[in-house]
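Engineer:
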Amino acid sequence: MCHAFLTDTNFYQLLTRIDESIAEEVSERGCDCGGVLHSARYPRKPRGIRSALDSNYESRLSFCCSQDGCRRRSTPASVRFLGRKVYLGVIVVLITALQHGLTEPRRRQLIEELEVAPQTLWRWRRWWRERFVQSRCWKALAGHLIPPIGADSLPASLLERLQAETLVERLVELLVLISPVTTSSSSLRESLDPQKL
Ligand SMILES: [Zn+2]
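By the count of our numbering, the sequence shown reaches residue 489 at its end, each step adding exactly one.
#1: Look at the alpha carbon of Ser351 and the alpha carbon of Arg417, and state the distance between them as a whole number of angstroms.
#2: Do Ile441 and Ser449 count as a contact pair if the criterion is CB distance below 7 Å?
#3: I think Val318 touches Phe355, with their Cβ atoms under 8 Å apart; what is that distance to the nearest whole Å?
#4: Taking the alpha-carbon of Tyr334 as reference, which of Gln426, Cys325, Asn348 and Ala344 has the nearest alpha-carbon?
#5: At a cut-off of 6 Å, is Gly327 close to ligand 1 when judged by its beta-carbon and the heavy atoms of the ligand?
#6: Considering only heavy atoms of ligand 1, does any lie closer than 6 Å to the CB of Cys356?
#7: Between the alpha carbons of Pro368 and Ala389, how many angstroms are there, rounded?
#8: Which of the three DSSP states, helix, strand or coil, is assigned to Arg342?
#9: Going by beta carbon distance, what residues of the same chain come within less than 8 Å of Ser343, once the five residues before and after it are set aside?
#10: Helix, strand or coil for Cys429? Go by DSSP, reduced to three states.
#11: Assuming Glu407 and Gly327 are in contact, meaning their beta carbons sit under 8 Å apart, how far apart are those beta carbons, in whole angstroms?
#12: So Ser358 packs on His330, CB below 8 Å; how close in whole Å?
#13: Taking DSSP's pairing of strands, which residues face Phe373 in a bridge?
#14: Using CA atoms only, rank isn't needed, just tell me which of Thr412, Ala296, Asp444 and Gln401 is closest to Arg376.
#15: Please confirm whether any heavy atom of ligand 1 lies closer than 6 Å to the CB of Arg364.
#16: From Leu380, Val385, Pro338 and Cys323, pick the residue whose C-alpha is nearest to that of Asp527; which is it?
#17: Quick check on DSSP: helix, strand or coil for Ser351?
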């Protein structure tokens with residue numbers, strides 16, 4: 293594998309810790325109704341890389357209001373799970389970003405190693421071009437990018453713009469920046485329905 297961090301347990305543990313701290317804030321805030329939030333995780337079975345993932349990757353952090361008559365869900369933003377995609381966000385970002393960077397044989401090798409089907413790849417590209425660019429998250433982000441970056445070369449264009457030195461640091465930064473699109477509380481819930489990804 294040409295990107296060593298993809299098989300590094302520490303890398304995935306770091307992402308778990310970021311998700312946990314985002315979830316902690318959500319939990320402390322409580323439900324809009326004033327109710328206390330209880331843990332109600334969603335089961336997950338991420339594909340592509342299993343050996344480096346611990347049991348934390350078998351579920352996505354989520355909460356349910358404990359108040360009778362409310363029971364509302366609060367699902368914190370995640371740097372690990374991009375909606376209900378069966379691949380982790382880092383894989384989706386990396387493979388779609390590499391179109392602009394890696395040589396074709398190396399990119400193909402990575403796609404093969406991660407067992408990503410061509411239709412899946414096509415859907416991911418379309419998601420960046422059509423759904424992500426419509427999100428409130430992207431619109432807010434794009435306003436801060438001077439000079440503006442090309443939405444048609446996302447996520448590579450965003451990855452290149454970030455300041456961190458290593459690719460892995462920039463990936464983590466990017467996952468944090470786009471994590472608002474992974475929450476269910478977004479008013480764009482419909483257009484970003486993870487089921488369609
Ligand atoms: Zn509530």
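Cβ atoms here follow ideal geometry from the backbone N, Cα and C, with glycine treated the same way.
Being a predicted model, the structure only gives us computed values, none of them experimental.
Structural biologist: This is what the structure holds:
#1: The straight-line gap from Cα to Cα measures roughly 25 Å.
#2: Taking 7 Å as the Cβ cut-off, Ser449 and Ile441 qualify as a contacting pair.
#3: The beta carbons of Val318 and Phe355 sit about 7 Å from each other, so the pair counts as a contact at 8 Å.
#4: Proximity to Tyr334 across Gln426, Cys325, Asn348 and Ala344 peaks at Asn348, based on C-alpha coordinates.
#5: Checking every heavy atom of ligand 1 against the Cβ of Gly327, one is found closer than 6 Å.
#6: For ligand 1, not one heavy atom lies less than 6 Å from the Cβ of Cys356.
#7: Roughly 25 Å between the two C-alpha positions.
#8: Looking at Arg342 - three-state DSSP - the assignment turns out to be coil, as it is neither helix nor strand.
#9: Once the five neighbours on either side are set aside, the close Cβ partners of Ser343 are Thr299.
#10: Looking at Cys429 - three-state DSSP - the assignment turns out to be helix.
#11: Glu407 to Gly327, Cβ: 42 Å. No contact.
#12: About 5 Å separates the two Cβ atoms, so the contact holds.
#13: For Phe373, which the question treats as bridged, DSSP gives the partners Leu380.
#14: Comparing Cα-Cα distances from Arg376 to each of Thr412, Ala296, Asp444 and Gln401, the minimum goes to Thr412.
#15: Yes, since a heavy atom of ligand 1 falls inside the 6 Å radius drawn around the Cβ of Arg364.
#16: A query on residue 527 cannot be resolved here, the shown segment of the chain reaching from 293 to 489 and no further.
#17: If DSSP states are grouped into helix, strand and coil, Ser351 belongs with the strands.
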